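Protein chains: 4
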Amino acid sequence: MNKPGLFANAARNLGKSERTRARLMDAAVGIFAREGYEAASVNRIAQAADVVNGTFYLHFKDKDDIATTVAYRVAAGITRQLDEAMADIDDAVDRTSAATRRFIEFASAQPEWGWALFRAAWSFRSLRESVITYLRADLKRGARQGAFTVPIDDFLIDTFASMTLSALFARLSGTEGPEAGSKVAELQLRMLGVSPARAKKAAWRKLPPIELSIPVAE
Amino acid sequence: MNKPGLFANAARNLGKSERTRARLMDAAVGIFAREGYEAASVNRIAQAADVVNGTFYLHFKDKDDIATTVAYRVAAGITRQLDEAMADIDDAVDRTSAATRRFIEFASAQPEWGWALFRAAWSFRSLRESVITYLRADLKRGARQGAFTVPIDDFLIDTFASMTLSALFARLSGTEGPEAGSKVAELQLRMLGVSPARAKKAAWRKLPPIELSIPVAE
Amino acid sequence: MNKPGLFANAARNLGKSERTRARLMDAAVGIFAREGYEAASVNRIAQAADVVNGTFYLHFKDKDDIATTVAYRVAAGITRQLDEAMADIDDAVDRTSAATRRFIEFASAQPEWGWALFRAAWSFRSLRESVITYLRADLKRGARQGAFTVPIDDFLIDTFASMTLSALFARLSGTEGPEAGSKVAELQLRMLGVSPARAKKAAWRKLPPIELSIPVAE
Amino acid sequence: MNKPGLFANAARNLGKSERTRARLMDAAVGIFAREGYEAASVNRIAQAADVVNGTFYLHFKDKDDIATTVAYRVAAGITRQLDEAMADIDDAVDRTSAATRRFIEFASAQPEWGWALFRAAWSFRSLRESVITYLRADLKRGARQGAFTVPIDDFLIDTFASMTLSALFARLSGTEGPEAGSKVAELQLRMLGVSPARAKKAAWRKLPPIELSIPVAE
DNA sequence: AATGAATGAGGCTTCATTCAT
DNA sequence: AATGAATGAAGCCTCATTCAT
Numbered sequence: 199m200n201k202p203g204l205f206a207n208a209a210r211n212l213g214k215s216e217r218t219r220a221r222l223m224d225a226a227v228g229i230f231a232r233e234g235y236e237a238a239s240v241n242r243i244a245q246a247a248d249v250v251n252g253t254f255y256l257h258f259k260d261k262d263d264i265a266t267t268v269a270y271r272v273a274a275g276i277t278r279q280l281d282e283a284m285a286d287i288d289d290a291v292d293r294t295s296a297a298t299r300r301f302i303e304f305a306s307a308q309p310e311w312g313w314a315l316f317r318a319a320w321s322f323r324s325l326r327e328s329v330i331t332y333l334r335a336d337l338k339r340g341a342r343q344g345a346f347t348v349p350i351d352d353f354l355i356d357t358f359a360s361m362t363l364s365a366l367f368a369r370l371s372g373t374e375g376p377e378a379g380s381k382v383a384e385l386q387l388r389m390l391g392v393s394p395a396r397a398k399k400a401a402w403r404k405l406p407p408i409e410l411s412i413p414v415a416e
Numbered sequence: 199m200n201k202p203g204l205f206a207n208a209a210r211n212l213g214k215s216e217r218t219r220a221r222l223m224d225a226a227v228g229i230f231a232r233e234g235y236e237a238a239s240v241n242r243i244a245q246a247a248d249v250v251n252g253t254f255y256l257h258f259k260d261k262d263d264i265a266t267t268v269a270y271r272v273a274a275g276i277t278r279q280l281d282e283a284m285a286d287i288d289d290a291v292d293r294t295s296a297a298t299r300r301f302i303e304f305a306s307a308q309p310e311w312g313w314a315l316f317r318a319a320w321s322f323r324s325l326r327e328s329v330i331t332y333l334r335a336d337l338k339r340g341a342r343q344g345a346f347t348v349p350i351d352d353f354l355i356d357t358f359a360s361m362t363l364s365a366l367f368a369r370l371s372g373t374e375g376p377e378a379g380s381k382v383a384e385l386q387l388r389m390l391g392v393s394p395a396r397a398k399k400a401a402w403r404k405l406p407p408i409e410l411s412i413p414v415a416e
Numbered sequence: 199m200n201k202p203g204l205f206a207n208a209a210r211n212l213g214k215s216e217r218t219r220a221r222l223m224d225a226a227v228g229i230f231a232r233e234g235y236e237a238a239s240v241n242r243i244a245q246a247a248d249v250v251n252g253t254f255y256l257h258f259k260d261k262d263d264i265a266t267t268v269a270y271r272v273a274a275g276i277t278r279q280l281d282e283a284m285a286d287i288d289d290a291v292d293r294t295s296a297a298t299r300r301f302i303e304f305a306s307a308q309p310e311w312g313w314a315l316f317r318a319a320w321s322f323r324s325l326r327e328s329v330i331t332y333l334r335a336d337l338k339r340g341a342r343q344g345a346f347t348v349p350i351d352d353f354l355i356d357t358f359a360s361m362t363l364s365a366l367f368a369r370l371s372g373t374e375g376p377e378a379g380s381k382v383a384e385l386q387l388r389m390l391g392v393s394p395a396r397a398k399k400a401a402w403r404k405l406p407p408i409e410l411s412i413p414v415a416e
Numbered sequence: 199m200n201k202p203g204l205f206a207n208a209a210r211n212l213g214k215s216e217r218t219r220a221r222l223m224d225a226a227v228g229i230f231a232r233e234g235y236e237a238a239s240v241n242r243i244a245q246a247a248d249v250v251n252g253t254f255y256l257h258f259k260d261k262d263d264i265a266t267t268v269a270y271r272v273a274a275g276i277t278r279q280l281d282e283a284m285a286d287i288d289d290a291v292d293r294t295s296a297a298t299r300r301f302i303e304f305a306s307a308q309p310e311w312g313w314a315l316f317r318a319a320w321s322f323r324s325l326r327e328s329v330i331t332y333l334r335a336d337l338k339r340g341a342r343q344g345a346f347t348v349p350i351d352d353f354l355i356d357t358f359a360s361m362t363l364s365a366l367f368a369r370l371s372g373t374e375g376p377e378a379g380s381k382v383a384e385l386q387l388r389m390l391g392v393s394p395a396r397a398k399k400a401a402w403r404k405l406p407p408i409e410l411s412i413p414v415a416e
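Protein chains in written order, with our numbering: chain A, 199 to 416; chain B, 199 to 416; chain C, 199 to 416; chain D, 199 to 416.
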């Protein structure tokens with residue numbers, strides 16, 4: 199693979215060390231995604247990044263280190279950007295559904311990253327936490343606005359998140375098309391107590407295009 | 199581990215070969231549960247079953263073989279028993295919620311099995327299929343009875359299943375108590391279009407105790 | 199494989215133990231032939247003979263035991279029969295060429311045995327000795343009769359034998375047809391000093407059909 | 199084994215990796231020679247080369263890889279050198295007998311290599327091909343020159359080659375002395391139709407000394 | 001910063017052999 | 001006589017990690 203990945207692209211103006219580090223992260227994402235965490239060996243990551251294996255350890259303590267680093271950056275970056283992109287949306291119903299849809303949209307536009315996120319979601323608590331922080335805020339907001347009629351607690355948030363991941367899985371597997379985000383968002387809103395009619399309307403409303411990028415600085 | 203596992207118990211009156219095989223399956227369940235599928239090596243399974251590694255291959259072709267065997271038996275057994283236990287329930291709302299709750303109840307009563315099921319759900323398509331078959335029947339029934347107002351397709355079924363698994367995770371992790379089943383069942387019913395009041399009532403109704411056991415025959 | 203092998207056939211009127219032993223030997227020959235000595239495991243031999251692995255050790259000390267037993271019996275049997283079949287041939291040129299041709303004829307009529315013999319020839323000194331004893335007698339006879347003009351020593355005998363084996367190899371591999379025996383016999387006679395014309399005539403003379411069998415008694 | 203083998207010697211001025219690779223090849227030759235191909239395990243080769251087993255896989259894909267590499271290098275090197283050493287011999291009778299004698303001389307001067315070649319001849323078609331190419335050219339030349347009176351086909355070439363190998367075996371086993379090459383060359387020439395007198399003269403003519411070495415470059 | 005050879009533990013699997021039944 | 005479960009050594013291979021250059 200020669201085309202630079204997202205990290206390499208973001209680091210293209212940084213020092214050589216940073217660029218090598220970025221190439222390693224891109225390589226790791228690709229292999230985690232295509233073959234899973236267990237199948238990714240340091241040797242193969244290094245090879246895919248076009249460095250020798252010893253170089254890996256200049257940049258990361260071990261495999262776990264690169265995995266958590268990547269997962270954390272991606273998750274933090276995405277959630278923050280999603281949040282920013284929705285800065286001008288006040289209505290919690292719209293925010294909630296837009297966040298779910300945007301997340302799936304992004305993750306399936308970059309299938310390698312999508313798969314990596316999907317797998318990481320079940321392995322890395324920190325990644326979940328990061329995503330959930332924003333999610334909680336929106337759900338709480340909906341409760342304050344009187345839009346949601348279920349108690350907002352950790353259990354609900356986990357349930358909600360797992361629905362999103364399930365839709366992401368379907369989207370990445372190819373069993374669902376671009377409407378997967380809307381479908382699951384509608385179900386989520388119904389679950390939260392939004393009327394079926396409004397749920398449908400909010401979940402299928404056209405979203406303005408936005409550009410998401412990956413943060414590479416620590 | 200000295201106390202016999204479920205398979206070993208079920209096989210205690212069978213031949214020596216069956217008993218060893220059962221010990222291996224119990225050991226595998228334990229390790230899958232505690233450390234995940236990837237962490238389970240044939241060596242460790244054999245060690246946990248108190249046999250030398252070579253013996254493993256007398257009974258199973260490889261790790262996949264024991265994993266699918268275990269997964270299939272457990273899933274088939276549980277779903278069949280759940281189905282039988284609900285033979286006299288006609289109402290789809292009640293059936294659906296009872297199935298979710300019973301499943302979580304069983305899986306968390308046997309935490310090792312619960313974890314193994316949880317992990318396996320994402321790895322073994324065949325296991326999902328088996329569970330989903332029963333699920334689909336109940337959801338379709340509800341649609342016929344006019345109780346559910348969403349279209350019943352594979353996407354919905356997967357979403358529904360992932361909610362159950364998420365609740366199982368919370369239950370096994372200890373972040374939720376025995377009411378996890380009712381909580382998620384209520385959310386599922388709401389999502390399906392059942393009125394909040396009825397959803398609450400059905401999801402929290404007391405369930406008569408049943409006895410679930412593990413099938414050991416092929 | 200259900201059709202009885204040569205040993206089983208020869209043992210069909212003996213006691214049960216002898217019949218099992220014979221089945222094991224047939225199975226061993228088949229596997230040695232098809233997959234080579236190293237590939238033949240006791241388990242597979244036993245399985246092919248339709249007995250459990252433990253039974254093998256009632257009849258043979260180990261794998262080497264069955265291999266040498268089989269090789270010795272076959273070689274001794276064949277050479278003795280070849281010798282008997284040629285009892286009325288006095289001329290050494292004719293004897294020598296007939297022995298080579300008969301040997302190849304037999305070994306390629308029973309390809310499993312042929313291959314086993316071929317492989318064993320390089321591993322078992324005892325087998326070589328047995329064959330060579332008869333060979334030496336014929337070559338010495340030819341020297342006495344003045345037909346051969348090279349000194350008959352062990353070196354010559356080994357060279358002569360390796361030519362026969364090389365032809366057997368070609369015959370079994372399918373790169374040569376039924377005339378392989380005649381071709382190599384002609385070359386052997388030329389080497390020994392027989393005139394080209396006479397070598398050709400003797401090597402291609404039609405041979406009367408004979409029947410070779412396998413001795414099973416110890 | 200402490201004295202450097204032929205490969206190690208040829209690689210003594212190369213990089214560390216090449217030197218280790220050479221040590222592994224020498225170790226492999228030694229074990230193939232002393233115990234045969236089947237008996238050589240990667241572990242033992244590595245041990246004999248004084249590296250841990252994992253190192254083996256840095257240099258060779260598997261046992262077959264090292265075996266074919268070694269066999270190919272040896273065969274190609276020897277045949278090429280033999281051919282060069284005979285560049286100024288035109289007469290096919292002399293060439294043929296010199297090639298046989300030189301080959302045996304070389305292989306028995308390096309007994310480990312000799313044994314390895316002997317064993318490999320029966321396993322590696324590619325090795326046979328390489329040797330046979332040169333052989334065929336000389337035999338055809340003899341036919342053109344009218345020196346040989348048998349048809350030169352693959353069967354003859356294989357027969358001829360097996361005679362050489364048989365002599366090599368005798369030489370390596372110690373049952374024959376330095377004259378093994380001449381003895382078998384004489385027999386080969388007789389077989390080809392050269393007159394006994396000329397065969398004897400050509401086969402026993404003194405050969406000028408040459409130096410054969412081992413090619414280590416790829 | 002980077003290299004890349006080497007390590008050694010550990011995973012998978014097969015096999016000859018033993019032994020209680 | 002035969003069974004067949006169990007053993008444990010040994011083979012193959014991969015991998016995370018270290019270290020001299």
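Quick reminder that beta carbons are idealized off the backbone N, C-alpha and C, glycines included. This one's a predicted model, so the numbers in the text were calculated from it and none came from an experiment.
Item: Simplified DSSP assignment, three categories, for Met199 (chain A); Value: Low confidence applies here, because Met199 (chain A) scores a pLDDT of 43, under 50, leaving its location unreliable; read the following figure in that light. Note: Met199 (chain A) maps to coil in three-state DSSP.
Item: Euclidean distance between Cα positions of Gln343 (chain C) and Ile350 (chain C); Value: 13 Å
Item: At least three beta-carbon pairs within less than 8 Å, the region 292-302 of chain D to the region 372-389 of chain D; Value: yes
Item: Collapsed DSSP secondary structure at Trp320 (chain A) in the structure displayed; Value: coil
Item: Proximity below 8 Å, CB of Asp292 (chain D) to CB of Ala400 (chain D); Value: yes
Item: contact_flag[the region 222-235 of chain B, the region 309-320 of chain A] where n(CB pairs < 8 Å) is 3 or more; Value: no
Item: Chain-ordered chain A contacts of Ala368 (chain B) [CB-CB under 7 Å]; Value: Phe353 and Asp356
Item: Residues that Val382 (chain A) contacts on chain B, provided the C-beta gap is smaller than 7 Å; Value: Thr357
Item: Under 9 Å from the C-beta of Glu282 (chain B): neighbouring residues of chain A; Value: Going along chain A, no residue has its Cβ under 9 Å from Glu282 (chain B), so there is no contact; the nearest lies around 28 Å.
Item: Three-pair Cβ contact test at 8 Å for the region 325-332 of chain B versus the region 358-378 of chain A; Value: no
Item: Local conformation of Val240 (chain A) per DSSP, three classes; Value: helix
Item: Under 8 Å between C-beta atoms of Ser295 (chain D) and Ala359 (chain D); Value: no
Item: Min CB distance Glu236 (chain D) to chain C below 8 Å; Value: yes
Item: Residues that Leu333 (chain B) contacts on chain A, provided the C-beta gap is smaller than 8 Å; Value: In chain order: nothing, as chain A lies at least about 14 Å away.
Item: Under 8 Å by beta carbon: chain D residues contacting Thr347 (chain C); Value: Pro394
Item: Buried/exposed call for Ala237 (chain A), threshold 16 Cβ in 10 Å; Value: exposed
Item: Where Asn211 (chain A) falls: helix, strand or coil (DSSP); Value: coil
Item: CB contact flag (Val272 (chain A), Trp311 (chain A), <8 Å); Value: yes
Item: Option nearest Lys214 (chain C) by Cα separation, candidates C:Thr253, C:Glu233 and C:Gln245; Value: C:Thr253
Item: Under the three-state DSSP convention, the category Tyr235 (chain D) falls into; Value: coil
Item: Ile350 (chain B), enclosing alpha helix (DSSP H) - first and last residue; Value: Premise fails: Ile350 (chain B) is in no alpha helix (DSSP H) and is neither H nor E.
Item: Same chain only: Cβ atoms within 7 Å of Val240 (chain D), ignoring 5 sequence neighbours per side; Value: Asn251, Phe254 and Lys261
Item: Close-in-space but distant-in-sequence residues of the same chain around Asn200 (chain B) (CB under 7 Å, 5 per side omitted); Value: Note that Asn200 (chain B) scores 49 on pLDDT, short of 50, meaning its location in the model is unreliable; the coordinates nonetheless yield the value given after this. Answer for Asn200 (chain B): no residue qualifies.
Item: Spatial distance of Ser411 (chain C) from Leu354 (chain C) (CA atoms); Value: 29 Å
Item: Neighbour flag for Leu385 (chain B) against chain A, beta carbons, 8 Å; Value: yes
Item: Whole-number beta carbon distance between Ser306 (chain C) and Leu387 (chain C), since they are thought to touch under 8 Å; Value: That pair is no contact at about 21 Å.
Item: Exposed unless 16 or more other CB atoms sit within 10 angstroms - verdict on Ala290 (chain A); Value: buried
Item: Nearest neighbour of Thr362 (chain D), chosen from D:Leu212, D:Thr267, D:Gly372 and D:Glu303 [CA to CA]; Value: D:Glu303
Item: Cβ-based neighbour list, Leu280 (chain C), same chain, cut-off 6 Å, excluding 5 preceding and 5 following; Value: Ala297 and Arg300
Item: Inside the region 282-366 of chain D only - alpha helix (DSSP H) runs reaching at least 4 residues; Value: 290-307, 309-319 and 323-342
Item: Asn207 (chain D) to Asp352 (chain C) span [Cα, whole Å]; Value: 38 Å
Item: C-alpha distance - Phe258 (chain A) paired with Tyr235 (chain B), whole-angstrom precision; Value: 26 Å
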